[in-house]
Amino acid sequence: MDIREILRKINYLYKYHFIVKPKMGKIVWEKLMGFTFIVRPTVFNPVDFISSKVFISYINTLDLNGKYILDMGSGSGVVSIFAASKGAECVACDINPVAVRCIAENALQNNFSRQVTAIESDLFDSLRNTYPAKYDIIFFNPPYYKGNPSNNFERAFKGGPNLEVIDRFLNDAKEFLAPAGRICLLVSSDMDMNDMYRRLKTVGYTYKILQTNKKTFETFYIIEAVTI
165 MDIREILRKI NYLYKYHFIV KPKMGKIVWE KLMGFTFIVR PTVFNPVDFI SSKVFISYIN
225 TLDLNGKYIL DMGSGSGVVS IFAASKGAEC VACDINPVAV RCIAENALQN NFSRQVTAIE
285 SDLFDSLRNT YPAKYDIIFF NPPYYKGNPS NNFERAFKGG PNLEVIDRFL NDAKEFLAPA
345 GRICLLVSSD MDMNDMYRRL KTVGYTYKIL QTNKKTFETF YIIEAVTI
């Protein structure tokens, strides 16, 4: 193990034990780039993880006026709130019912309750009956670590032994894309990027990297994918 990996592990342990873990069993209020969010226990906290800041910084560069957006695995609803602030109408879904409650609360708190609809859904399952719509953009920060989640909080990170969650998403997303619609994914160098590209090609997408954001211990990639 090289010194960089050792420092990364120390950084992770410090962050988890002194920042993330103390909040996990509590209801906390967070401020992020001008908006206020309630984060309830078991819900992914967008302030504690840099991936959320990378994603919303990118979203803030977009003109989403009149766009119909699906925010998959929404968590606290942070992506939907920022997309709504750029003019989008959003459906935000999450498998965790506590997260769905947070989404609705945060939409109301930030005056976007008319633009953001919260839905409890295991990926696209509930949408087929409730919102069988076609979306201009589907945003997803997928769980890109291998392994079975043991609780709702871990669902944000672990996507199955072979990342089955990502495969299910890619297969089903086609059904929900508008004719010129696209998927926008945030993934990390913590996963095998060549494997990610292979998964996209196998299901029938072409893709391009829109943004590369290199941090101290990790590089984030924003990928746009469209059906062939």
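Counting in our numbering, the sequence shown runs from 165 upward without gaps.
Even glycine gets a Cβ: it sits at the ideal position worked out from N, Cα and C.
Task: Secondary structure of Tyr295, DSSP reduced to three states - done: coil
TODO: Note down, in chain order, each residue of its chain lying with its Cβ closer than 7 Å to the Cβ of Met360, except the 5 sequence neighbours on either side.
DONE: Val351
Open item on the list: Just list the residues that DSSP pairs Met236 with in beta bridges.
Closed with: Cys257, Phe304
Open item on the list: Suppose contacts are defined by Cβ-Cβ distances below 8 Å. Is Ile267 in contact with Lys250 by that definition?
Closed with: no
- [ ] Can you give me the start and stop residues for the alpha helix (DSSP H) that Val211 sits inside?
- [x] Careful: Val211 lies outside any alpha helix (DSSP H) and carries neither H nor E.
Open item on the list: Please state the DSSP three-state secondary structure of Gln279.
Closed with: coil
TODO: Indicate whether Val329 and Pro306 have their beta-carbon atoms separated by less than 8 Å.
DONE: yes
- [ ] Run the CB neighbour count on Glu253, radius 10 Å, all protein chains shown included, and call it buried at 16 or more, exposed below.
- [x] buried
- [ ] Provide the residue(s) that pair with Cys348 in DSSP beta bridges, ordered along the chain.
- [x] Phe303, Glu388
Open item on the list: Would Phe208 and Gly230 be called neighbours here (beta carbons separated by less than 8 Å)?
Closed with: no
- [ ] Leaving aside the five residues before and after Lys298 along the sequence, list all residues of the same chain whose C-beta is less than 7 Å from its C-beta, in chain order.
- [x] Phe340, Leu341, Ala342, Gly345
Task: Touching by the beta-carbon criterion (3+ pairs, under 8 Å), the stretch 311-323 and the stretch 265-282 - done: no
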